[in-house]
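Q: Numbering (UniProt numbering), first residue to last: 1 to 685.
(1) Under 7 Å, do residue 382 and residue 187 count as touching if we go by C-beta distance?
(2) Would you mind stating whether residue 509 and residue 450 have Cβ atoms separated by less than 7 Å?
(3) Give the DSSP-derived three-state secondary structure of residue 646 in the structure shown.
(4) When we look at the beta-carbon of residue 308 and count the other beta-carbons within 10 Å, is it buried (16 or more) or exposed?
(5) Could you tell me how far apart the beta carbons of residue 230 and residue 279 are, in whole angstroms, since I believe they sit closer than 8 Å?
(6) Between the Cα of residue 149 and those of 159, 142 and 138, spot the shortest distance and give me the residue it belongs to.
(7) Pick helix, strand or coil for residue 249, following the three-state DSSP scheme.
(8) Roughly how many angstroms lie between the CA atoms of residue 52 and residue 82, to the nearest whole one?
(9) Which complete alpha helix (DSSP H) runs does the stretch 344-384 hold, if anything under 4 residues is left out?
(10) Who are residue 230's beta bridge partners in DSSP?
(11) Residue 336 bridges to which residues according to DSSP?
(12) Which of the three DSSP states is assigned to residue 501 in this structure?
(13) If you run the structure through DSSP and keep just helix, strand and coil, what is residue 453?
(14) Any idea which residues DSSP pairs residue 564 with across the strands?
(15) Look up residue 529 in the DSSP assignment and say whether it is helix, strand or coil.
(16) Going by DSSP, what residue range makes up the alpha helix (DSSP H) through residue 13?
(17) Three-state secondary structure (DSSP) at residue 711?
(18) Ignoring anything shorter than 3 residues or poking outside the stretch 160-221, list the beta strand (DSSP E) runs there in chain order.
(19) With residue 693 and residue 151 assumed to form a contact (beta carbons below 8 Å), what rounded beta-carbon distance in angstroms separates them?
(20) Can you look up residue 634 in the DSSP assignment and give me helix, strand or coil?
(21) Quick one: what does DSSP say residue 33 is sitting in, helix, strand or coil?
(22) How about the stretch 429-441 and the stretch 351-363: do they share at least three Cβ pairs that are nearer than 8 Å?
(23) Please report the Cβ distance between residue 295 and residue 276, rounded to the nearest whole angstrom; I am assuming they are in contact, meaning their Cβ atoms lie under 8 Å.
(24) Note down, in chain order, each residue of its chain lying with its Cβ closer than 7 Å to the Cβ of residue 86, except the 5 sequence neighbours on either side.
(25) Do residue 206 and residue 37 count as a contact pair if the criterion is CB distance below 7 Å?
(26) What separation, rounded to the nearest whole angstrom, lies between the Cα atoms of residue 619 and residue 628?
(27) Please classify residue 120 as buried or exposed, where buried requires at least 16 neighbouring CB atoms within 10 angstroms.
(28) For residue 622, report the span of its beta strand (DSSP E) as first-last.
(29) Once the 5 residues before and after residue 567 are set aside, which same chain residues still bring their CB inside 8 Å of it?
(30) Helix, strand or coil for residue 323, going by three-state DSSP, please let me know.
(31) Would you give the residue range spanned by the beta strand (DSSP E) that residue 482 belongs to?
(32) Bridge partners for residue 670 per DSSP, in chain order?
(33) Taking the straight line between their C-alpha atoms, what separation do you get for residue 483 and residue 241?
(34) Within the same chain, show all residues whose beta-carbon is closer than 8 Å to that of residue 58, passing over the 5 residues directly before and after it, in chain order.
(35) Which class does residue 311 belong to by DSSP, given the choice of helix, strand or coil?
(36) Tell me whether residue 534 sits in a helix, a strand or coil according to DSSP, three-state version.
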């Protein structure tokens, strides 16, 4: 038999992966042919016709925490939720090449077991009961192959045991259904390998999705997953999060177990340790994952875990926030300079104390250079050998991390000792800065730009800084690249990589928030949106994300309708409308109390001239404060009419409309009275 070359082996694996997507889950040739290399594909799962209305509701209108509440209440079955996310993940794969392994049948079998358990016992298995959770390729699931995108690994047998974290997730009730794509060696910021191809950014497919957890970033941005698991040694959770507009949280070393993964490099690496953490759509979902893991006695599965449970940190109304200055070798691109300036302005306006850290932190670029010396301490260049074993070539971005052509001088123990001394000095300087300035957190960039074109990301100075320190940090989406708005921030500096405004237009921007070592709960408390729903009131804390995503002025009363009747209007009215709003979304009519007195019902009539916009239907909303009509007082069917009730008079429970959506791209959020849309926001002025 003729031995297969590396291209043939890779092609066989790709064909096998494609065959696991059911024909009815495949995008039409018309849709695929209409996509360009720069297309934004975020809305294709919504509009392609593969997902039912119920599946769209499941995958689009909740974060993981909210979905788990519905699963526990038996409002949704694990089978229905798993089916919806399997289908959406299959769509995401066809758009972005974000997946490596799919095991949908195994996931549905697991979901049926969970539904049976809940039905027979009345209890959930654990805090993640029925939630589909996606995994980075490096995590082992018994019976599922792990190749890491190495052609030389394609002949390896599937693992027979799970990674430690996989066992924790299963014990908590999670449903595992996909593994996600990574870069060759997992040591570049471009998720590209010769087996599974290149992960594309769903915001603009000409841009990198980041790495090394890039498949998770793209999958979660497309809502093919609500909660994904990644690893981070130089930014590998936070880089995909900032590139793809999601939330990413890097914990401290020793909080989440790492054992049982398949390593891309040499075991026993010294210096900087990889950590495991979540990518998701909300910080409360990140907290849910970390709380679950911290409280699972992970030290019994991994000797490297420090083994103390989640400990809630006290909230503070006013934070002292240090603002990281840019490194002159890596100047901020205009979109990020504008984003950070706006973030600091909003935080200051909210009453937080702002400290300029110019000259108070060690050199970011020097710390980056030191980190990459650690990454090259393996004298045998094990990761590169795994590439050459099959004859496959290295991907282009790998040259950022390694000298792929020449090995260079072999590292020495003397060099390692000196590096450790330098690292200790960097850590001490940052600790003193925190203490002397009484900082609660540091805010800054996770990268000097938003996502950039493929193979241009280079080194990650602003994320690897936290890995060198072993400080927890998180990335939150905030603002977008807009050439017109960014023009005033263009400077005569050498941008690295080159600033290409037209190629990054519309890409998500971000902020990075940094806490102190092992104070993960404190960082989470300072960063997250604290919301508590009591009756019809929604209360918000002055936490960082609340300020950044919300407004610093008076809040609109967000009081979603409790029931609705679609296709009918009242036949009689007991009063005139207290408020009439034109050209708004049905979802705005259903979510907002638009009157100063207690609102009882609202009537929405579609205006078809606006109906093709994101967030459709649009129309006129009339809000009333008198007694709401009963069912007998409603007209016959009127397709253009939708009545929302703040009592139980409606034919269907809930708002019925889904979230308020950005007119520009359909992302959930809310809109200020000046027309500014707040992505992910729930409190607008």
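We put the beta carbon where it would ideally sit given N, CA and C, even for glycine.
A: Inspection of the coordinates gives the following:
(1) no
(2) yes
(3) coil
(4) exposed
(5) 5 Å
(6) 138
(7) strand
(8) 14 Å
(9) 364-375
(10) 277
(11) Residue 336 pairs with nothing; no bridge assigned.
(12) helix
(13) strand
(14) 644 and 652
(15) Confidence in residue 529 is poor, its pLDDT being 37 and thus under 50, which makes the residue's placement unreliable; the coordinate value appears in the next sentence. Of the three classes helix, strand and coil, the one that applies to residue 529 here is coil, per DSSP.
(16) Boundaries of the alpha helix (DSSP H) harbouring residue 13: 6-19, taken from the DSSP string.
(17) In the structure displayed, the chain extends from 1 to 685; residue 711 sits before or after that span and is not available.
(18) 175-180
(19) With the chain running from 1 to 685 in the structure shown, residue 693 is simply not present.
(20) strand
(21) helix
(22) yes
(23) Contact doesn't hold; Cβ gap of about 16 Å is too wide.
(24) 104, 107 and 177
(25) yes
(26) 21 Å
(27) Exposed, by the Cβ-count rule.
(28) 618-624
(29) 637, 638, 639, 641 and 642
(30) strand
(31) In the DSSP assignment, residue 482 falls outside any beta strand (DSSP E), carrying neither H nor E.
(32) 678
(33) 22 Å
(34) 67, 76, 80, 81, 84 and 85
(35) coil
(36) Note that residue 534 scores a pLDDT of 24, beneath 50, so its modelled location is shaky; the value from the coordinates is reported in the next line. Looking at residue 534 - three-state DSSP - the assignment turns out to be strand.
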